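>
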Amino acid sequence: MATNTILKAFTGSFRNRFQMMLELSEVYKREAFRRRDKLTELIKEQAERASKSELAAKMRVAKGFYTLEMAPPVQSGEMKKLAEDLKLLKDFFKTGCHKFLTVKQAWLLILVAIEIGLWFFLDNTNNRPYPESRRNIRNFLRVEDGDDNFQPLPTNPYDGSPNIDKILEKTRSKINFDLSDYNYTHSGARRLQDLLMESGGKPLRSIIISTWRSGTTFLGDILNAIPGNFYHYEPLLKYEIIQIRGQPHADKAMSTIKGMLNCNFNGMEDYFEYGKTHWHQFSHNIRLWDHCKYKKDLCLDADFTSRFCKLFPFQSMKIVRLRLNLIRDILEDNELNVKVVLLIRDPRGVMQSRQHRDFCQPAPDCWQPELLCADMISDYVAAGRLLQKFPDRLMALRYEELALDPNSTTHQLFKFLGLSMQSSVSEFLHSHTNLEVAGVSSTFRISRDVPFRWRNVLDFDYVEEIQMACKEAMDLWGYRRAHNATHMTSKEFHPLEKYVITP
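All you need for my numbering is the position in the sequence shown, starting with 1, plus 63.
Laid out in structure tokens, this is it:
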């Protein structure tokens with residue numbers, strides 16, 4: 064019996080201790096999980112800090128250089144050039160010229176030979192850029208919004224705020240480097256400083272006037288592919304989906320446009336206030352956004368934006384909410400010396416493209432073909448009058464001509480604007496007109512397929528409705544009408560014909 068009593072006492076004690084251990088384990092488990100979550104956050108924080116370090120930035124640059132430089136030649140033109148170089152190399156040794164090389168020159172040739180060898184012995188199929196995306200090293204290393212750049216934002220050591228003077232100095236140096244071989248003779252200037260506002264020069268300014276879904280994003284990005292361009296993207300976004308044809312908005316809108324072209328952003332509180340909730344107002348200006356994406360307040364700083372703008376020799380602006388007749392005042396301002404491109408598109412193509420935009424349908428100025436074509440007529444009349452007085456400052460361009468022959472049309476456009484055709488522009492055209500990337504705002508298109516897509520997408524009854532509302536506008540701008548559904552989709556139907564702008 065004593066044994067049973069002892070056993071019961073031991074069992075009870077063990078049960079109590081075991082219960083106590085379970086309770087303690089529950090307490091410590093919660094604490095362990097809490098500490099684990101805290102440790103995970105700490106690891107993530109340290110990893111993020113490491114990814115922004117100078118060493119990580121240099122590693123990304125090194126990877127970019129390796130990916131680009133180690134990619135073997137893939138285009139026919141490159142292979143032809145390689146064959147010519149090999150023949151030249153053969154002649155070089157055959158004639159005995161190699162005997163006169165210095166040690167330094169010999170080592171340089173050896174390193175080049177090693178690089179060529181790596182093309183064939185290293186498997187970089189997964190790393191090299193696609194042929195249409197081969198760019199110079201600076202463009203290739205460009206990162207998208209939200210990613211870390213290989214050149215972090217300069218900051219002040221005492222409070223971590225952006226160091227404005229260093230940002231401006233780095234931008235100034237980059238512009239000088241990017242335009243080191245630019246031909247200024249097309250611009251009527253002798254050197255870069257002649258086009259810089261901060262040096263007392265006068266930049267080349269251009270404005271695209273059009274309406275929604277008429278190809279302005281594509282054309283604006285062509286101009287923005289020029290190194291040293293400051294892009295005033297949609298300065299009238301705050302007016303939402305309306306067309307400004309006169310008062311009550313005309314004076315304020317024109318004041319905003321003039322202020323921006325003069326790089327004076329003071330007094331534009333409405334513009335910056337709208338941008339706080341619509342960051343795309345700034346992000347299309349890639350050279351400004353390269354800094355603002357790290358510190359968005361920079362894009363809301365009128366003084367910084369004004370100083371930054373004055374560093375650039377070229378300014379472009381696109382406007383889809385203002386009609387051409389209001390631009391006369393700007394064309395008359397010889398100090399601004401602005402050139403204007405009026406971009407016109409077939410109203411059937413415009414209305415087909417607008418069907419994909421939710422913002423359009425509730426707004427009469429965007430959804431009613433009658434209003435669209437009334438604006439096309441107004442722009443035609445205004446163009447006739449303005450071309451008489453400013454023949455060298457205004458150019459009318461149909462979107463279809465740009466899409467069907469982007470290279471030739473861009474050369475004509477650049478000649479009109481006084482711009483020199485750069486390799487970056489040619490590369491942009493090549494990559495954006497031969498590749499389809501989904502998205503209503505994407506500028507990657509098979510450009511020759513875009514202008515007349517409406518023929519296979521729209522119902523003929525709707526096309527006829529547009530044609531009835533737009534008969535006069537289509538006649539003025541050289542757009543032929545489709546007679547029926549069969550005619551609309553037939554290969555014999557060519558929507559474009561010649562047109563002449565008369566006063």
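Positions of the beta carbon are idealized from the N, C-alpha and C atoms, including for glycine.
The structure displayed is predicted, hence computed values, not measured ones.
May I have a chain-ordered list of the beta strand (DSSP E) segments no shorter than 3 residues that lie completely inside the stretch 266-334?
Counting whole runs of 3 or more residues, the stretch 266-334 contains the beta strand (DSSP E) stretches 267-272, 292-296.
> Which class does residue 375 belong to by DSSP, given the choice of helix, strand or coil?
coil
> Between residue 302 and the rest of its own chain, which residues show a CB-CB distance below 8 Å, the 5 nearest in sequence each way excluded?
So the qualifying residues of the chain are 312, 316, 384.
> When burial is assigned at 16 or more other CB atoms within 10 Å of the CB, is residue 555 buried or exposed?
exposed
> What does the alpha-carbon distance come out to for the pair residue 294 and residue 279?
13 Å
> Quick check: the stretch 326-336 against the stretch 388-397, are there 3 or more CB pairs under 8 Å?
no
> From 253, 424, 439, pick the residue whose C-alpha is nearest to that of residue 461; which is it?
439
> State the beta-bridge partners of residue 225 as determined by DSSP.
218
> Just the C-alpha distance for residue 205 and residue 377, rounded to the nearest angstrom, thanks.
Only weak support exists for where residue 205 lies, its pLDDT of 39 falling under 50; the value from the coordinates is given anyway. Annotation: residue 205 to residue 377 spans about 20 Å, alpha carbon to alpha carbon.
> So is residue 491 buried or exposed if we call it buried at 16+ other beta carbons inside 10 Å?
buried
> Closer than 7 Å by C-beta to residue 227: which residues in its own chain qualify, once you throw out the five before and the five after it? Chain order, please.
367
> Pull up the distance between the alpha-carbon of residue 435 and that of residue 328, whole angstroms please.
It is roughly 31 Å from the alpha-carbon of residue 435 to the alpha-carbon of residue 328.
> Taking just the CA atoms, how far does residue 484 sit from residue 244?
12 Å
> In whole angstroms, give me the CA-to-CA distance for residue 443 and residue 298.
23 Å
> Using DSSP with H/G/I as helix, E/B as strand and the rest coil, what is residue 461?
strand
> Do you know how far the Cα of residue 432 is from the Cα of residue 532?
7 Å
> Pull the bridge partners of residue 380 from the DSSP assignment, please.
Residue 380 pairs with 270, 295.
> With DSSP collapsed to three states, give me the class of residue 497.
strand
> By the 10 Å Cβ neighbour count, where 16 or more other Cβ atoms means buried, how is residue 152 classified, buried or exposed?
exposed
> If you run the structure through DSSP and keep just helix, strand and coil, what is residue 492?
helix
> Ordered along the chain, which non-local residues of its own chain (more than five positions away) have a Cβ less than 6 Å from that of residue 340?
none
> Do you know offhand how far residue 539's Cα is from residue 529's?
15 Å
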